[in-house]
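Asker: For what it's worth, the working numbering labels the leading residue of the sequence shown as 1, then goes sequentially.
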Amino acid sequence: MPSYSDVQKAVRVEKFRIWFAWVCGNIIMLIIANATQDIDVLGIITQVLAVVVFLLLTFAAVTMTNRLNRKAADARREVLGDL
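1. Would you mind giving the Cβ-Cβ distance between Ala60 and Trp19, rounded to the nearest angstrom? I have them listed as a contact below 8 angstroms.
2. Relative to the C-alpha of Ala21, which residue among Gly43, Ser3 and Thr58 is closest?
3. Given this structure, state the Cα-to-Cα distance separating Asn26 from Lys71, to the nearest angstrom.
4. According to the neighbour-count rule (16 or more other Cβ atoms, all chains shown, within 10 Å of its Cβ), is Ala35 buried or exposed?
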């Protein structure tokens with residue numbers, strides 16, 4: 001059975017991975033939008049896509065973090081015996 005600190009470490013690492021992926025995805029989209037800003041139609045399309053990607057990535061990251069928090073709370077209760 002894992003200890004309480006093991007559960008905390010695992011949750012911290014997973015949250016870091018989730019938000020690191022969020023930052024990387026947004027940076028990649030910004031680079032693409034910046035590279036195509038001088039092309040009229042394509043620039044507008046990539047700006048709209050940048051906003052959509054940002055919203056989708058944010059929604060996914062927040063949802064995953066919330067689910068992880070619920071699983072972590074259950075695991076903490078199990079480890080500490082607070083069932």
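All C-beta atoms in this analysis are idealised placements derived from N, C-alpha and C, irrespective of residue type, glycine included.
Answerer: The structure says:
1. To locate residue 60, count along the sequence shown from 1; it is residue 60. To locate residue 19, count along the sequence shown from 1; it is residue 19. Not quite, the Cβ-Cβ distance comes to about 11 angstroms (not below 8 angstroms), so this is no contact.
2. For the purposes of this step, residue 21 is taken as the residue at position 21 of the sequence shown. Among Gly43, Ser3 and Thr58, the Cα nearest to that of Ala21 is on Thr58.
3. Numbered from 1 along the sequence shown, position 26 holds the residue referred to as residue 26. Numbered from 1 along the sequence shown, position 71 holds the residue referred to as residue 71. Rounded to the nearest angstrom, the two C-alpha atoms are 27 angstroms apart.
4. Reading the sequence shown from its first residue, position 35 is the one you call residue 35. Result: exposed.
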